[in-house]
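Residue numbers (my numbering): 360 to 456.
Cβ coordinates follow ideal geometry from the N, Cα and C atoms, glycine included.
The next block holds one structure in the form of structure tokens; read it before the comments.
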Amino acid sequence: MSKLSKEQKRLLVWLAQPNNHLEICRQQGHSLNQVNGLKTYTDEFGNPYKFDIRTLNKLISEALVSSEIIYPFGLKHEKYILTEQGIHLVSSKELTK
360 MSKLSKEQKR LLVWLAQPNN HLEICRQQGH SLNQVNGLKT YTDEFGNPYK
410 FDIRTLNKLI SEALVSSEII YPFGLKHEKY ILTEQGIHLV SSKELTK
């Protein structure tokens, strides 16, 4: 596993919280898999964090996060969850290094 940035670590810890979940609405159009409205997320105190889609892509390529397609209300969404490896990393002390 390569070294993770502060933003990548923060998103991993955020995803590990039981009340947090990340779903991205996907639409089909001229550009496949456009990401709509994804710029920030907030912590439990309402503090916003800037979000870059490359952060999520890096976590997926490192096999720390996986996704599944769901259809709430008939709209295509991609739901992101931690993998076993991601859960293990968050629960270990390696993120603080």
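With 16 other Cβ atoms within 10 Å as the buried cut-off, status of residue i
i           : result
residue 434 : exposed
residue 368 : buried
residue 445 : buried
Top-ranked residue by Cα proximity to residue i, from the options
i           : options       : result
residue 439 : 424, 401, 409 : 424
DSSP-derived helix/strand/coil call for residue i
i           : result
residue 442 : coil
residue 409 : strand
residue 389 : With a pLDDT of 41 at residue 389, under the threshold of 50, the predicted position of this residue should be treated as unreliable, though the coordinate-derived value follows. Correct three-state label for residue 389: coil.
residue 363 : coil
residue 380 : coil
residue 451 : coil
residue 437 : strand
C-alpha gap between residue i and residue j, whole angstroms
i           : j           : result
residue 382 : residue 451 : 25 Å
residue 432 : residue 400 : 22 Å
residue 429 : residue 437 : 6 Å
residue 426 : residue 419 : 8 Å
residue 409 : residue 365 : 12 Å
residue 388 : residue 414 : Note that residue 388 has pLDDT 49, beneath the 50 cutoff, so the model's placement of it is unreliable and no number is given.
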